[in-house]
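Number of protein chains: 6
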Amino acid sequence: MPLLKPLADHEMSPEARSVLDDIRATRRTDYVNDIWRVLAHDPRQLRITWENVKQVMGPGALDPLVKELVYIAVSALNNCGYCLHTHAAAARAKGMTDAMLHELMQVVTLASQTNRLAIGYQVELDARYRPEAGRKEET
Amino acid sequence: MPLLKPLADHEMSPEARSVLDDIRATRRTDYVNDIWRVLAHDPRQLRITWENVKQVMGPGALDPLVKELVYIAVSALNNCGYCLHTHAAAARAKGMTDAMLHELMQVVTLASQTNRLAIGYQVELDARYRPEAGRKEET
Amino acid sequence: MPLLKPLADHEMSPEARSVLDDIRATRRTDYVNDIWRVLAHDPRQLRITWENVKQVMGPGALDPLVKELVYIAVSALNNCGYCLHTHAAAARAKGMTDAMLHELMQVVTLASQTNRLAIGYQVELDARYRPEAGRKEET
Amino acid sequence: MPLLKPLADHEMSPEARSVLDDIRATRRTDYVNDIWRVLAHDPRQLRITWENVKQVMGPGALDPLVKELVYIAVSALNNCGYCLHTHAAAARAKGMTDAMLHELMQVVTLASQTNRLAIGYQVELDARYRPEAGRKEET
Amino acid sequence: MPLLKPLADHEMSPEARSVLDDIRATRRTDYVNDIWRVLAHDPRQLRITWENVKQVMGPGALDPLVKELVYIAVSALNNCGYCLHTHAAAARAKGMTDAMLHELMQVVTLASQTNRLAIGYQVELDARYRPEAGRKEET
Amino acid sequence: MPLLKPLADHEMSPEARSVLDDIRATRRTDYVNDIWRVLAHDPRQLRITWENVKQVMGPGALDPLVKELVYIAVSALNNCGYCLHTHAAAARAKGMTDAMLHELMQVVTLASQTNRLAIGYQVELDARYRPEAGRKEET
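Chains as they are written, first to last, in this note's numbering: chain A, 29 to 167; chain B, 29 to 167; chain C, 29 to 167; chain D, 29 to 167; chain E, 29 to 167; chain F, 29 to 167.
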């Protein structure tokens, strides 16, 4: 159960309303996720967060689908069920197949596993990766 | 400082040696990261881990570079410096530019930020994302 | 669903009962949260935990409400829904307004965001913050 | 060692330079932390992050020192050494005493401990904290 | 609600079926946990994961019950309710009593607490634990 | 570098001194880890923490070595290098062999891996593990 209830359009301030209108226009859908309706309790926070999402998840150096995959990976690490479900839906809409989802989870779990080994054994960085060594070929 | 010292080739068992040979052949380089030399203390663990890495990071439904980016994202979440440095090198070798690294970090930090909001406010999943509702358009 | 069921007063040992009596007296309420009723399965653990809570959350160098805010911040990071709900209630009873809750969440998410950047880029500590440099003005 | 080197003023773009000027003006100091010099590799990210920091850490519903304490708590949870050192310095400049730092750490560790108990035993939320029950007195 | 539905035996591929048969034979039970039925969407991942579980949780240098206790500790840290419930059941079947579960949770919460102190105060490793010092008696 | 410097015996209060004396007597060694010397800045926190460590890590339902192994597992998850090194030393003194350390790390990484899968796919608890189902055989 949520700490704050999601606000319906008529319950929020005009400033919050205008952010929701921008979400609808940008995403070309009438539906607005409940996370935005919770954030609408504080219109300033709502606006900052949405501007950040719009800018970071928009066109850039990485493919939009790749960004959604990274987002899902982070959400799996943070144990955020809400984020996993909503971004899995967004990723499917951008072309994620079940095979891609499976492989994504495999990479996430592999990295969690090998991260634990490097941390657990306190492995020190190889000399060749240190800045003074310059960058070498892949290893 | 490491809990166990990385083993030189002549200090490890023949079984561990053969795994390192496979790493060299698969990656087409003579250099083998210290994490493998630490794992070499237990040849069975070394072999299991390497087989898993080889299979998961090899060809599949996702692009190899995308997998490295996801790996870096997980390493940033797990605060694994060793993993960040070695996989940033691997990702650069597969084509990651500085602009891509910056955008990757932006997605990771955005997801960490919005994950915290969804978790902190304990936002419940919108009805439309629940299985009984069927899948709808992106939101 | 819990691993162990919360015990009613008549189901617990006299030693556990006496801890619950102290919780009631200290908090001036008849109601005792279920976490204490779960811990009551092991009276020694119940007593240690309660003594610690009573001492740390009681009067000291920090304002009691500030401590509740820090507690909520930690609970948001640990993704503990139980802790978020019970301590949000405690914080409201000590004067937390909705505006303060919103700003708290903004600080938590900002710190999560910038922590990720410092970790992800493996930023090293500026020379001026190192002990040998002495402490300088705020930066 | 960092993934990207901190840029000196003359190495960064005019857009990044102007953000650093605003940091200097806002904080009334010539010194700019290395995290900003790392972010300067991507002026857009630098600007977004700084605008967010300036707004969230500025005047609002919570006392500026309280915000620094929450920031330190999050950094301790995230194991971010860079963040702990720089924000401990900022908090001291805003009035944090050693006694307050000790008590802050006690609250952080207490919350970590009791969070683990609530999570480990999978304690379910008491009926009285559920939305349909309405809000009651502190417990 | 799950991202992917657990598959019944007749819905999965023959390769996945054969892994489930091995799980049943190894554990001497007809019941197979839903996690395996979710992984069955990708038979390769199912097989890798099961081979790893069978090998790591099987006979070795540590007692099987000790391994289950460590597994539960990790699950409590990762906030994985599914993992806590299924492995608490497995641990009880291997002899875990309620007293052992309580003491396990106490060690987990103690370690969480003292870890936070060491991290929060950024305590540096004592000289005697550094490799060049050689190993000394317990401290 | 630490936020607070470890105190020498002559720099701490008599109350803190007496806690260190008890650590020496309980552990039968003259050496006291630096974490205690950092906590000595706040004698009350020092005493609470030590009493808790002494009680939880002392004789009980679990073998002392098992407790050290769980402690190491938690430290690997929390990425606490200080804790890993000091408790690996303590565990070796209580009989941990290299083979046991390797197997411990395998269990920790396996649990991290399978936890991520259960979380990532948001697997729901099987009906048979729910309280109303009663407890069944191992699965």
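Where is the CB? At the ideal position from N, CA and C, for every residue including glycine.
Going by DSSP, residue 39 of chain C is part of no alpha helix (DSSP H) at all; its letter is neither H nor E. Straight-line measurement puts the Cα of residue 48 of chain B at about 22 Å from the Cα of residue 138 of chain F.
For the region 102-123 of chain B, the set of residues with a beta-carbon nearer than 9 Å to any beta-carbon of chain D comprises 107, 109, 112, 113, 116, in chain order. Membership of residue 154 of chain F in any alpha helix (DSSP H) is not indicated, and neither H nor E is assigned to it by DSSP. With three or more CB-CB distances shorter than 8 Å, the region 86-106 of chain E counts as touching the region 94-110 of chain F. A straight line joining the alpha-carbon of residue 35 of chain C with that of residue 154 of chain D spans about 13 Å.
Counting only runs that start and end inside the region 125-154 of chain C, there is no beta strand (DSSP E) element of at least 3 residues. Judged by DSSP in its simplified three-state form, residue 30 of chain B adopts coil rather than helix or strand. Taking 7 Å as the threshold, the shortest C-beta distance from residue 136 of chain F to chain A falls below it. Taking the Cα of residue 88 of chain C as reference, the smallest distance to any Cα among D:33, D:133, D:152 is reached at D:133.
When CB distances to chain C are screened at a threshold of 7 Å, the residues of the region 82-96 of chain D falling below it are 84, 88, 89, 90, 94, 95, in chain order.
Around residue 133 of chain E, the beta-carbon contacts reaching into chain D at under 9 Å are 144, 145, 148, 149. Here the region 120-134 of chain F lies against the region 76-96 of chain E, with 3 or more beta-carbon pairs under 8 Å apart.
If you draw a straight line from the Cα of residue 63 of chain C to the Cα of residue 50 of chain C, it comes to about 15 Å. The beta carbon of residue 136 of chain E is closer than 6 Å to those of 101, 104 in its chain, skipping five residues each way along the sequence. In this structure, residue 152 of chain A sits near residue 30 of chain B, with a CB-CB distance shorter than 7 Å.
Residues of chain C with a Cβ closer than 9 Å to the Cβ of residue 140 of chain B are, in chain order, 137, 140, 141, 143, 144. The Cβ atoms of residue 113 of chain B and residue 96 of chain B lie no closer than 7 Å to each other.
With fewer than 16 other Cβ atoms from the protein chains shown falling within 10 Å of its own Cβ, residue 38 of chain D counts as exposed. Interface annotation, residue 70 of chain D: in contact with chain B, CB-CB separation under 7 Å.
If you look at residue 113 of chain A, you'll find it in the alpha helix (DSSP H) that goes 109-121. Against chain C, a Cβ distance below 7 Å from residue 126 of chain E picks out 69. With a threshold of 16 other beta carbon atoms within 10 Å, residue 46 of chain C falls short and is exposed. Apart from sequence neighbours up to five positions away, the residues of its chain that approach residue 68 of chain E with a beta-carbon distance below 6 Å are 35, 40, 44, 74, ordered along the chain. Secondary structure of residue 92 of chain D (DSSP, three-state): helix. Within chain B, the residues 149, 150, 151, 152 have their CB atoms less than 7 Å from the CB of residue 30 of chain A, given in chain order. Ranked by Cα distance from residue 65 of chain E, the options E:32, E:148, E:79, E:76 are led by E:32. In this structure, the straight-line span from the alpha carbon of residue 142 of chain D to that of residue 56 of chain E is close to 37 Å. Here DSSP, grouped into helix, strand and coil, assigns residue 87 of chain A to coil. By the Cβ-count criterion, residue 144 of chain A is buried, with 16 or more other Cβ atoms from all chains shown falling within 10 Å of its own Cβ.
Chain A places no beta carbon closer than 7 Å to that of residue 38 of chain C, leaving this residue out of the contacts.
A Cβ-Cβ contact shorter than 7 Å links residue 146 of chain F with residue 110 of chain E.
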